[in-house]
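*Asks:* My questions will all concern the structure given below.
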Amino acid sequence: MPLVLPLNGTLAGTTDTLSFVGYIVIGLEPVVYALYCSPSTLDAVHHRIKLTAYMETGRVHTASLEAEGTEVPVYILENALPTAILDLPALWTRQGHDRKIQVVYDGRVDLANYHTIIHWADYPSGYNMPVFQFSGHCGMSDVFSSASANDASIFGSWMMSNAHVTSENDGSLSAHPNYGGPYSAHSDSHHNSESAPAPAPVIPIATATSTDADHLTGVMLKYSKWRLVLSYLRLLIRLAICRGETGNPHFITTAPLETKAALIHRLFTESLLRANISAVELEQVSASDGRIISENEILVMAGPWVSTFMHDSRRVAFQTINHARAGFGLHDIFGTLLKARLEHLLSHFMRPQSSRLPFDQNGLVWIFRTRCIKSILWHTAFRVTISAAATVATTPGLPMIMADLEPAVFRHTSVLPVETLAFIESLCYVSLFRKLESVVAQIPGATFDRPFYPPASTIYDEAVETLNIILPLDSDPGHPAFMTCMASLCDIAVHDVVRVART
């Protein structure tokens, strides 16, 4: 069943995975909505919609019939009532995946100067959360025909475009403001690039169908052996960062290109071993112009996966700390009270509080007992990894969860690697710091001692050092309870975490 966000309908049943189809134009104003559907219904949905244009969004999307890119398909419903043409500036034309020439409109303009209303996709690569289906026998055409550009009440109670949506396991919803627009970048001048969320890496704009090998998704869709090896590579990149194999993870996004290339090539070798495929067995990859793409060129295209993982991890952490079930109590206070709460929470991550003994006075011990840490860890290591090209059907036998690559390290153990624990804890810290920055900026005349707060890289290093000291410290009365807490992080149940939408 197709889903339009914002959504009109009632809740009936859930599933875990939604694919992003593209944008769809509804009504005579017009209004542009994000369109999603479950992977099993993609073919049916594609037969009900018609490509009408493309829109330059300025951010990478992964639409179901396209390679990753910033130019995103815009559809109308097949055989529907007339729909208004976008009144946005036309940039150029291009060949669409339907092999017809389509206009590319500029969606980056100030929409206040145009009639077109755009509800931006909060999850441009699909997402994993409870799916809301239309009850009864309402068809796709019924949904669209009931929409009116002048009737905001139809969609007002659901997922509006100016909010990031979080979901608990019971299907209830809550939201927090999206600062600065649909694709805001939260700057962090004190912490610099090691803690500020890096923008999603820009992949060259797609100009052909999604199975063209000019882009990584096209390679994976078209060549089965490459798909398996690259799927392992993507998981191994995440594993290497989480286990500290790349050094301090908050430096990886700004590391020299040579360092990143060496990491990718080393993990590629391991990917071949795990896939049980030799390099000579990999298919010869041809670009859309017939040029042969080398192995090294393909690995260069995989490089942005490093930054993407860090970017996504930081976004998940920021969404999680604001949730009512995170354990921080940030959701229902504001102003100076919220500022004081954030400063108090941040002190738990910093010395001397993070290194105090006994355990019941240690800030780090308290942090690891919160649901927030458990939730960030679940999203990072224990959640199914969504890929437009690699699914259970297309890559049978491939672990879809990072932790399943090394079950002895993540599941069948009593404590996770200290590097993994420190990484998750530092993600939480930098999200709270970002929150403090934004709160102070909204309070007239308010300030805070920015240099007092160390960068995330320091918090990570200090956490590794402290954990190596307190984990074997069984003479402390609080040690048994702490080790019970550590064991609970090794195989997290979905009902015990805050689930937030993947971006």
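In my numbering, the protein residues as written are 9 to 511.
Glycine included, each C-beta is placed from N, C-alpha and C at the ideal position.
Out of curiosity, what's the CA-to-CA distance linking Asp-495 and Ala-464?
*Replies:* Here residue 495 turns out to be Ala, not Asp, going by the sequence shown. If you take the alpha carbons of Ala-495 and Ala-464, they lie about 25 Å apart.
*Asks:* Taking its Cβ as the centre, do 16 or more other Cβ atoms sit within 10 Å of Asp-159, making it buried, or is it exposed?
*Replies:* Unreliable placement is indicated for Asp-159, whose pLDDT of 32 sits below 50; no coordinate value is reported for it.
*Asks:* Taking 8 Å as the threshold (C-beta atoms), are Val-426 and Val-472 in contact?
*Replies:* A contact, by the Cβ cut-off of 8 Å.
*Asks:* Count the other CB atoms, across all protein chains shown, that sit within 10 Å of the CB of Gly-335; report buried if there are 16 or more and exposed otherwise.
*Replies:* By the neighbour-count rule (16 or more Cβ atoms within 10 Å), Gly-335 is buried.
*Asks:* On the DSSP letters alone, give me the boundaries of the alpha helix (DSSP H) that Lys-58 sits inside.
*Replies:* It is not in any alpha helix (DSSP H) - Lys-58 instead sits in the beta strand (DSSP E) that spans 57 to 69.
*Asks:* Can you give me the Cβ contacts of Ser-286 inside the same chain, cut-off strictly under 8 Å, excluding the 5 residues immediately before and after it?
*Replies:* Leu-280.
*Asks:* Measuring straight from C-alpha to C-alpha, what distance separates Phe-342 and Ile-249?
*Replies:* So the two alpha carbons sit approximately 35 Å from each other.
*Asks:* State yes or no: is the C-beta of Gly-35 within less than 8 Å of the C-beta of Tyr-83?
*Replies:* Not in contact: Gly-35 and Tyr-83 (Cβ atoms no closer than 8 Å).
*Asks:* For Gly-77, count neighbouring Cβ atoms within 10 angstroms of its own Cβ and tell me buried if that reaches 16, exposed if not.
*Replies:* By the neighbour-count rule (16 or more Cβ atoms within 10 Å), Gly-77 is buried.
*Asks:* Identify which residue in Ala-348, Leu-365, Leu-345, Val-373 has its Cα closest to the Cα of His-356.
*Replies:* It is Val-373 whose Cα lies nearest to the Cα of His-356.
*Asks:* Which residues does DSSP list as the beta-bridge partners of Ser-355?
*Replies:* Bridge partners of Ser-355: none, in fact.
*Asks:* Measuring straight from C-alpha to C-alpha, what distance separates Val-324 and Asp-51?
*Replies:* Between Val-324 and Asp-51, the C-alpha separation is close to 30 Å.
*Asks:* Can you tell me whether DSSP reads Glu-473 as helix, strand or coil?
*Replies:* Three-state DSSP puts Glu-473 in a helix.
*Asks:* Between the alpha carbons of Val-237 and Gly-405, how many angstroms are there, rounded?
*Replies:* Rounded to whole angstroms, Val-237 to Gly-405 spans 12 Å at the Cα level.
*Asks:* In three-state terms, what does DSSP make of Gly-226?
*Replies:* Gly-226: helix per DSSP, three-state reduction.
*Asks:* The alpha helix (DSSP H) with Ile-272 in it runs from where to where?
*Replies:* Residues 265 to 283.
*Asks:* Where does Thr-101 sit, in a helix, a strand or coil, going by DSSP?
*Replies:* Three-state result, Thr-101: strand.
*Asks:* With DSSP as the reference, label Leu-85 as helix, strand or coil.
*Replies:* If DSSP states are grouped into helix, strand and coil, Leu-85 belongs with the strands.
*Asks:* For the candidate residues Glu-64, Leu-73, Gly-134, whose alpha-carbon lies nearest to that of Val-112?
*Replies:* Among Glu-64, Leu-73, Gly-134, the Cα nearest to that of Val-112 is on Glu-64.
*Asks:* Tell me, please, which residues DSSP counts as bridged to Pro-132.
*Replies:* Answer is Gly-134, bridged to Pro-132.
*Asks:* Might you give, ordered along the chain, the residues of its own chain that have their beta carbon closer than 6 Å to the beta carbon of Phe-490, omitting 5 neighbours on each side?
*Replies:* Answer for Phe-490: Phe-367, Val-373, listed in chain order.
*Asks:* So Thr-474 and Ile-384 are in contact, right, with Cβ under 8 Å, and what is the actual spacing, rounded?
*Replies:* Not really, about 18 Å apart at Cβ, beyond 8 Å.
*Asks:* Going by beta carbon distance, what residues of the same chain come within less than 6 Å of Asp-484, once the five residues before and after it are set aside?
*Replies:* Closer than 6 Å at the Cβ level, and outside the excluded window around Asp-484, lie Pro-366, Phe-367.
*Asks:* Quick one: give me the first and last residue of the beta strand (DSSP E) that Asp-114 is part of.
*Replies:* First-last of the beta strand (DSSP E) with Asp-114: 109 to 114.
*Asks:* Would Asn-284 be called buried (16 or more neighbouring beta carbons within 10 Å of its own) or exposed?
*Replies:* Burial call: exposed.
*Asks:* Contact defined as beta carbons within less than 8 Å: I believe Arg-107 pairs with Glu-86. What is the distance between those atoms, to the nearest angstrom?
*Replies:* That belief does not hold up - the Cβ atoms of Arg-107 and Glu-86 are roughly 17 Å apart, past 8 Å.
*Asks:* Excluding the 5 residues flanking Thr-421 on each side, which residues of the same chain have their C-beta closer than 8 Å to its C-beta?
*Replies:* Result list for Thr-421: Cys-498, in chain order.
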